[in-house]
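Student:
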Amino acid sequence: MALTEYHRKRHFNVTSEPRGQEAVTDASGERSFVVQLHHASVRHYDFRLEVDGVLRSWSVPKGPSLRPGEKRLAVEVEDHPLEYAAFEGLIPEGEYGAGHVAVFDAGTWRPVGDATESIRRGRLEFELFGERLKGRWNLVRTGRESTKPQWLLLKRTDEYANDLEADDLLDGIPAPPMDAPGASREKGERIRAAHMMPPAQTRPDRREPATAATVRKTAVAKRTAGTATSKSATPKASARSSTAKGSRTEPAAASRRRVVAHPALAALRERARGLSGGRRAEPGEFVEPMLTIAADDAPAGTDWVHEWKWDGYRLIAATGDAPQLWSRNGLSWNDRVPELMQALAALGVDAALDGELIAVDANGYSTFNGLQQALKDRDTAQLRLCVFDLMRLDGFDLTRAPLIERKALLKDLLDGADPRLFFSTDIRGQGPELFRAASAQGMEGIISKRADSVYQAGRSENWLKVKAVETRDFIVVGYTDPKGSRKGLGALLLAQRTEGRLVYAGRVGSGLGPDLLRDLPRQLEAIATGTAPVTLPGHLPRAAGRVHWVKPQFVVEVLFRGWSKEGLLRQATFHRLREDKPATEDTTADRRDAPVKPAATRTRDAAPARAAKSVAASKPPARANKRTSGQVETATPVDASLPTLSSPGKLLYPDAGYTKQQVFDYYLAVAERLLPEIRGRLLSIVRCPDGIDGPRFFQKHAGPGFGAAVKRLPIVENDGDRATYFYVDDLAGLMSLVQMNALEFHPWGSTVEDLERPDRIIFDLDPDEGLAWSDVKAAAREVRERLTQAGLESYPKLTGGKGVHVVAPITPHADWEQVRTFCEAFADAMTREQPERYIATMSKAKREGRIFIDWLRNGRGATGIATWSLRARAGAPASVPLTWEELARVRTPNRYSLVDAAARDTPAFIAELAARAPKLPV
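The working numbering numbers the first residue of the sequence shown as 86 and each following residue consecutively.
What follows is the structure, given as structure tokens:
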């Protein structure tokens, strides 16, 4: 087929797909493969194998399955050029294949026998060496008549076979933006743009795994070298990374090392000369960084480019013969990350780089805790510099060149460099969509930059930071003594510096980990002072001897959920120490809003607030009442229909530092989503009067302390006794139970209007401790498929524990006995067919290596955790509903908690399922 058909179908002045050409390849050399997820008019996977200088291609609607023998239709399509292996992005509307393309997997492959002849005969046996797809596979052409040849793709039995689908392996694969052809709004708002993230499995001291980028380099090398193999592409990479291997080198030695010049230096220098206009800059000098202004909303339009907001330390770097690292304030970091110094030296040319030093977790996300620990332990080999700007190259000053031109040059400069230097990719346009995606993924936010902006020292509205959760820097001015079993200190007293003076801002006690509680008091004691460095507002209570004042020398970053009427922080959680920021700097300089006023006169309207949903965003906060001697601390809600909150400062989740006030605010925030789940349903609740570490009890009968907002219903229980149960039907009832320290809500599967006929069935998948999360997700998918065969549609929800609930709405028709019989038979059938995977009895002893399909939640009086309910477990996890595609992507079963669950919505399709719920097929 060659590339004639490929070229005929595309307008290369419109699409960004590569034009490409047939390459001359060595049939005995390495062959590349790529699998791309294509959100076109119909979502599918494109499976491509390098054969005879092109990518032979098949469209696989359901994607590859790793189950041995599972046949997947693969429709042969036109050949693609080798360069297509690196293509990711949008194919414009109106173009062939319009939609979003993302690389799902890439690597090399090896045929059994002659590949060309095997394809001609219609049976290709081969082995894949990718990240997600490995081992032996077959492609077999069917005899079915069709306009395009139809094949079957299937996995062979080997050590890489398992029960996963391609859709189970989507972690790190970007979903299409909202406005992409073939994309839904829901998918668009889950954009991950994995090409913006550092590859999680890449380790600087190992050979890089095959990726789209390495496949592309192999393809280009083969094309330009004629019969040469991919080995011809290696000198550039090896020349640049040779100093990054081996033992640790002292920075001084690294700075003296003569390195190999960058292999593309001449071309890069010429581009830099043009961009600089001939302006020169002194090599090796510190460049004062450009800083951001905080914004509430991400800008729309293609005038802006957007990057992830990395959670690390901002560093300025100089590369080449005399590498240097500086903090944003110009302090030397040369001794702190010696391996990175080697990587800078190995680049082989003088350049000034701006970036963020990060540690990367197993899922490709930056982790500040991991970064701090690595620096503390001096175990910095795995740290990386995410580079997002280039201010100087080979003596040419690039600060006046447009940002997009600087980044294009930077990308080429870092191509093939030591993996410790990672190019921070941007997305042009789509700011609001990308911000929503960052929020949904629990990320810190995004940085938005004008595409044509020059690089200027200091803050500029050309660079904006848009945070998913409000954070700000504060200066520590004091601390309180610990209470109860807490060690070290109770809370930090905080202030903001504005226009040269300190203004009290409140306190933070939650989020302080054990290491900080151990180390920070000693550091604060060393800077103790006898006088308060800040004036406290008159309304604040004081306890003599419990407040210790310190000199304003420490800066901390704090997450919070807005401001109280008095101008104090609400729901503050400690995030990190800002070692890179001096306490003399104005902490409000990065805000677009006016400087803060003293707390005594500040109004809520004047306080910056985020419009996005967050904990307590849906309702005004409760006001803390001052205590006099002998009185109990209370909080009076602004809404008079809500109960007065007693002991708002009581720690209900001591491990995370979450108070009763924060739990109360969480349930206010999610009430609009939680009430449809529990309204008019008999409830059982888990109450923890002294927090999750104290005594708890499971309550299903109405008690004497319940207020009028909690409804009662006498019923006959299964054993014939009469008892009074309870339910709620409005916000006042819900919050009354929260005031009584109810942390968990477990509703019946029927409503009080039709108590004996349930309107939902639930299968709780409870895995043995040793099973992987992917096994649970695969089981949930199988339950879904079997329910679909029975005519029932379903949705998954995370329980806040280790399992998943699969929920199927039904029309109230069958009684409890019929529902119970159906669910028991359903679970038994799965167990009989796959006894090695499933068990339908509660026995822990028999569960080893298997998943318990808990069907017992479908009996009269049985309950299941409500969607949006918190769990009385460490970390305050929450039960959250998902789409099936989200379940495939989610990385852990307890992904959401009190901190971020409220930022989500109930997926729209769940209401649609309930509206068209069928009768149970009994």
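Even glycine gets a Cβ: it sits at the ideal position worked out from N, Cα and C.
Is the Cβ-Cβ distance between PHE473 and ASP497 less than 9 Å?
Tutor: With contacts defined as CB atoms closer than 9 Å, PHE473 and ASP497 fail to qualify as a contacting pair.
Student: Rounded to a whole number of angstroms, what is the C-alpha to C-alpha distance between LEU506 and SER451?
Tutor: About 14 Å.
Student: Mark GLU250 as exposed unless 16 or more other C-beta atoms lie within 10 angstroms of its C-beta, in which case mark it buried.
Tutor: The residue in question, GLU250, is buried, as its Cβ has 16 or more Cβ neighbours within 10 Å.
Student: Any idea what DSSP makes of LYS44, helix, strand or coil?
Tutor: No answer is possible for residue 44: it lies beyond the span of the chain, which begins at 86 and ends at 1007.
Student: Taking 6 Å as the limit between beta carbons, can you name the residues of its chain near LEU759, skipping five residues before and five after?
Tutor: TRP953
Student: Buried or exposed for GLU115, please, with buried defined as at least 16 other CB atoms from any protein chain shown within 10 angstroms of its CB.
Tutor: That one is buried.
Student: Alpha carbon to alpha carbon, how far is ASP537 from HIS96?
Tutor: 28 Å
Student: Beta-carbon separation of GLU163 and TYR91 under 9 Å?
Tutor: yes
Student: Could you check whether the region 943 to 958 touches the region 840 to 847, counting it as contact only if at least three pairs of C-beta atoms, one from each stretch, sit closer than 8 Å?
Tutor: With a cut-off of 8 Å, the region 840 to 847 and the region 943 to 958 count as touching, because enough Cβ pairs lie within range.
Student: Considering only the beta carbon of each residue, do VAL99 and PRO153 sit closer than 9 Å?
Tutor: In this structure, PRO153 does not lie closer than 9 Å to VAL99 by Cβ.
Student: Assuming GLU212 contacts GLY220 (C-beta within less than 8 Å), just tell me the rounded distance between them.
Tutor: 6 Å
Student: For LYS492, name the three-state secondary structure that DSSP assigns.
Tutor: DSSP places LYS492 in helix when its eight states are reduced to three.
Student: Sort out for me which residues DSSP pairs GLN656 with in a bridge.
Tutor: Looking at the DSSP assignment, GLN656 forms no beta bridge with any residue, so it has no partner.
Student: Assuming the contact rule is C-beta atoms closer than 8 Å, ALA987 and VAL748 should be a hit. Round their C-beta distance to whole Å, please.
Tutor: ALA987 to VAL748, Cβ: 12 Å. No contact.
Student: What are the boundary residues of the beta strand (DSSP E) that includes ALA437?
Tutor: 436 to 443
Student: Are CYS471 and PHE508 close, meaning C-beta to C-beta below 9 Å?
Tutor: yes
Student: Just to confirm, is the Cβ distance from PRO259 to ALA383 under 9 Å?
Tutor: No. Outside cutoff.
Student: Find out if the Cβ-Cβ distance for the pair GLY575, THR658 is shorter than 9 Å.
Tutor: no
Student: Could you tell me which of MET476, LEU376, ALA385 and LEU456 sits nearest to GLY543, measuring between CA atoms?
Tutor: LEU376
Student: Would you mind stating whether VAL975 and ALA961 have Cβ atoms separated by less than 9 Å?
Tutor: no
Student: Does the pairing of the region 197 to 207 with the region 177 to 188 give three or more beta-carbon distances under 8 Å?
Tutor: no
Student: Put ASN223 into one of helix, strand or coil per three-state DSSP.
Tutor: strand
Student: Could you spell out where the alpha helix (DSSP H) holding MET915 opens and where it closes?
Tutor: 901 to 918
Student: Could you give the distance in angstroms between the alpha-carbon of THR387 and the alpha-carbon of GLU829?
Tutor: 46 Å
Student: Considering only C-alpha positions, which residue in the set THR583, LYS550, ALA957 and PHE782 is nearest to PHE559?
Tutor: THR583
Student: From what residue to what residue does the alpha helix (DSSP H) around HIS92 run?
Tutor: 89 to 93
Student: Does the region 893 to 906 come close enough to the region 873 to 885 that 3 or more CB-CB pairs lie under 8 Å?
Tutor: Taking 8 Å as the limit for Cβ pairs, the verdict is that the region 893 to 906 does touch the region 873 to 885.
Student: Return yes when the Cβ of LEU737 is within less than 9 Å of the Cβ of ILE770, no when it is not.
Tutor: no
Student: Is the region 785 to 799 close to the region 905 to 913, with three or more CB pairs under 8 Å?
Tutor: no
Student: What are the partner residues of SER769, as DSSP defines its beta bridges?
Tutor: HIS831
Student: Who are the Cβ neighbours of THR916 in its own chain at under 8 Å, not counting the five residues just before and after it?
Tutor: TYR923, ILE924, ALA925 and ILE938
Student: Count the other CB atoms, across all protein chains shown, that sit within 10 Å of the CB of MET426; report buried if there are 16 or more and exposed otherwise.
Tutor: buried
Student: Using DSSP bridges, identify the partner residues of LEU498.
Tutor: According to DSSP, which records beta bridges pairwise, LEU498 is partnered with nothing at all.
Student: Is TYR810 helix, strand or coil when you go by DSSP?
Tutor: Here DSSP, grouped into helix, strand and coil, assigns TYR810 to strand.
Student: Going by alpha carbons, who is nearest to LEU727 out of ASN247, ILE531, MET820 and ARG772?
Tutor: MET820
Student: Identify whether VAL422 lies in helix, strand or coil by the three-state DSSP scheme.
Tutor: coil
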